[in-house]
Structures are given as structure tokens and as C-alpha cells.
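Beneath this line is the structure, given in C-alpha cells, with notes to follow.
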Amino acid sequence: FPAGLQTKEQDAKIIQKYLEKFYDLKIDEVKNPKNKNSNPVTEKLKEMQEFFGLKVTGKPDAETLKIMKMPRCGVPDVFS
Amino acid sequence: FAITEGNPKWDKNNLTYSIENYTPDLAREDVDDAFRKAFKVWSDVSPLTFTKISKGEADIKISFNYRDHYDNSPFDGPNGILAHAFQPGPGIGGDAHFDEEERWTKDHKNYNLYHVAAHEFGHSLGLAHSSDIGALMYPTYGFNDLDNIQLSQDDIDGIQAIYGPSNNPVQPTGSTTPKACDKKLTFDAITTVRGEKIFFKDRFYLRKTPYIPEAEVNLISLFWPNLPGGIEAAHEVTEKDIVRFFKDSKFWVALGTNVLPGYPKDIYTTFGFPKTVKKIDASVSEEYTGKTYFFVGNNYWRYDERRRSMDAGYPKLIIDDFPGIGSKIDAVVNDSGFFYFFIGTRQYKFDLQAKRVVAILKSNSWFNC
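From first to last, the protein sequence lines stand for chains Z and B. Per our numbering, the first sequence starts with residue -16, numbered consecutively. Per our numbering, the second sequence starts with residue 15, numbered consecutively.
Listed below in C-alpha cells is the structure:
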């Protein structure tokens, strides 16, 4: 199902860019995590879900993606 | 609220701003007006003042920009990121940039410049994003009110934590965001909408969805951008797939999330209320009989949706036909043959067949608190 795959790829890009921009996700840490037991993307997703009062799963569920696609201010929610 | 890391702030209270360029989306005077009003939102609740200058370097420089505008934070075209602003400081500090590829408006259409500007100026003054959905400093765009931004107490606490209280002898107060499990929670109105219940309180709605454990709280404007806050009564007419919203002597009709054109209309012409009725306290519609009940003070009216007229013999006293229900109902909603009357923090489950109250519940019993 190519359409679905494309959507998933697009969503993955949206998630990555969103977390980089607003939650200070470092792509180097994703590639080479300091702690092998924790995934930086999951941790940042949890942070974002907590901020927006969503169910904290660390997974990019529909509600999380909905918030990520909403128009917003470009200032990050958290600081490095 | 959150203050920008490092607590940056202006070391003076009298700040200047300049408008470096104008968007073609609006008349120049509308842009000026949007920014002036946006600054006023903050000067009303703090000791800060803002003066527009056209010569010399202003503390807060405002501009509309496309894509990469050489500040290391390029814009992304239509939607997405709408604007950004820098924390207090010299040079670029305090400056506010707006994405020129957005359509800027002075009404409820996306995106209202006054509203976005008021948020950005919060950053210019040292505020970071708040996680309070009702706060102006919440990071996503949610349109509130055409004329006046109602700051939440959270915003006021934030700005006053940085700059101190307002010089006004009467300290301003803001709205608070309702919490579903607050024991003191009361509602303005409740309606069903295509199978689910929506509860209204001030600028917000609450609803229980299967996706999240707690009730969802969000701005009414998210679903119905052109509805005002403070809806006083609402009901769904399932047969027509419409929802009616009432405030003062006006009402709006929505089909799904679309408020139909031509509204608001007055309640007198459409429903035949006498002019003595200034507002509707609560309303509910019954699918099977096609009757809609309007509760006003200690009286109620019954409207026939099929004949499109008020039934004869009304108003009647609420107490006569709904024994156990006092006057002045906040909200009412129907569910499985019962009317649920909300009065203050209590909820009365009324059996329409037996004509009696069968249970008294807390107002927020629907939220699994």
C-alpha cells in the first residue's frame, strides 16, 4: 500500500522536524544514543505529550500528530 | 506559565516599538491597530507602556518576512509556523517576525494578526510557552474573540512575575481554564453533537473521548471559530443534524463544525419569544417527539420542530412539569430517555415517563473523575 507508506514517511518527517524545532531533539543523539536503553525520540515525545496534556505514551499516536500539525508559534516549548 | 530561561527582561517599563514593513493582506491602519491593541493586552495588566516610533531604533521591531530572513529561524510557508519573537535584549532582542506567507486577517478567519501579535509580544517581554490551553501563551493558534483577547490568570501571573503588578489601583484578573475534575465545576450549557456530549464553560468546551483518560478541555473556537465564548444554552436537533447555540437574545445554528451563514439571529422572530425574555438559561430537544424545551428563569417553553412554532399554553412553570427541579437551570441534556438538569455543582437525572427525579449526581459525573 504505497499511499500508506508515503503517509507514514511524511509523518515521520513531521515528527522529527517538530521535535528538533520545538523540543531540542538532537539528531546525533538519535543516531548514537548515550543511553542504549532509552530512545531520545520517545523521551522527547513523552515531554511533548505531557506539555499538551495528551496521554503520555512516547508514541506518535493520532492525537499527538494532530497537535504537531496545528498552526503554532515558532518559539520552542523547551530550551536547550 | 513559564518564563524564558535565564529570566531575561527589559530594564525599563516604557518600551518603544516600530513597524518595519506592512503586510499587503490588510490596510495599514488595520495593521497599526492590531499591534496597538496587542500591546495594550499586556500594558493593561502590567506597569509596562508601549509607544510607537518611526525614527531611531525601537526596542521591539516588528516585521513581516518570507522563508529565510537571516535570523537562523526560517519561516516555512503557509500554515505551520506563523510567527516568532525574540526574548528581551539589545539588537534583535524583543523583535517580532510574522510569516508573510500566512493570510493575515482582522476577523475570525485564519490568521488573526492581533491575536498572533499579542502572543508574540509575550515572548518579546520574556514569557515562554504556557501549557495552559486557555492561556494566550499556549503555543498553538486558537482564535478566541474578535475584539478582545481575554488573558487568562496564568498569563497575568506570568507577566507580573517579571514586571510586577499593574499601576492600576484595581488589579486586573483573568479567566481560569476549567478542570474536568474540579468539585466546584459548573456548566453554562451542554448539548449532544452527533452522538457525544459537549459541555460548555466560558470560552471552553469539555468532552470525554475514548482517546484520552481525562476529559478533553479546549477552546470552543477550535470547533466553531465564529461562535462567541459564554454560550448560555445549546441543543441538538438530530432530525435536522443541527446544533443551536444561544447567548443573550441571539442564536447561531451549526451543521457539524460549520456555523451557517446568516447567523446570529434573534430568538424573537424565529421562536416567538416575548421581548421580556432576554436570554435562554438552558435548552434541550427530544428526538422522538420533535419538541424542544427552553428554560428561562422558573418557566419553560416548548417549541415544535416539525410545525416550527411554539406550542400553545406556554410558558409553564418548571416546577409543575418537572417536579424536583428548581428554577434557574444552568444546562440540560438528554440521554436515553432521561433529561439531566444541571444546577450549580449538582445534576438531576429526570425520568420523563415517571415525571420524577431518579438520581442526584455531581455535575462532572460524566468525566470518570
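Quick reminder that beta carbons are idealized off the backbone N, C-alpha and C, glycines included.
- Linking G276(B) to M324(B) through their CA atoms gives a straight-line distance of about 22 Å.
- With respect to the 8 Å criterion, F218(B) and V231(B) are classified as neighbours on the basis of their beta carbons.
- Neighbours of A99(B) across chain Z, judged by C-beta separation under 9 Å: C56, G57, V58.
- Neighbours of I50(Z) in chain B, taken as residues whose beta carbon is under 8 Å from its own, are T154 in chain order.
- With distances taken between CA atoms, E210(B) lies nearest to T223(B) out of T223(B), V45(B), Q185(B), F49(B).
- Identification of chain B residues near M53(Z) by a Cβ-Cβ cut-off of 8 Å yields T154, Y155, ordered along the chain.
- DSSP places W380(B) in no alpha helix (DSSP H); its state is neither H nor E.
- Contacts with chain Z at 8 Å (Cβ-Cβ) include N93(B).
- The DSSP-derived three-state label of M324(B) is strand.
- Apart from the 5 residues on each side of it in sequence, W24(B) sits with its Cβ closer than 6 Å to the Cβ of P102 in its chain, given in chain order.
- Note on geometry: alpha-carbon atoms of N27(B) and P61(B) lie some 6 Å from one another.
- Listed in chain order, the alpha helix (DSSP H) runs fully inside the segment 219 to 304 of chain B are 234 to 237, 281 to 285, counting runs of at least 4 residues.
- A residue is called buried once 16 or more other Cβ atoms fall within 10 Å of its Cβ, and G338(B), having fewer, is exposed.
- Here DSSP, grouped into helix, strand and coil, assigns S144(B) to coil.
- Secondary structure of D318(B) (DSSP, three-state): strand.
- Taking 8 Å as the cut-off, the Cβ atoms of S166(B) and A16(B) do not count as close.
- Pairing K264(B) with K254(B) gives a Cβ-Cβ distance that is not under 8 Å.
- As summarised for the segment 40 to 76 of chain B, the continuous beta strand (DSSP E) elements at least 3 residues long and confined to that stretch are 63 to 66, given in chain order.
- The beta carbons of K261(B) and G244(B) sit closer together than 8 Å.
- For a Cβ distance threshold of 9 Å, residue set P54, R55, C56, G57 of chain Z lies close to L96(B), ordered along the chain.
- According to the DSSP secondary-structure assignment, L29(B) is paired through a beta bridge with F64(B).
- Within a 10 Å sphere around the beta-carbon of T271(B) sit fewer than 16 other beta-carbons, which makes this residue exposed.
- For the 8 Å CB-CB criterion, H111(B) and H98(B) form a contact.
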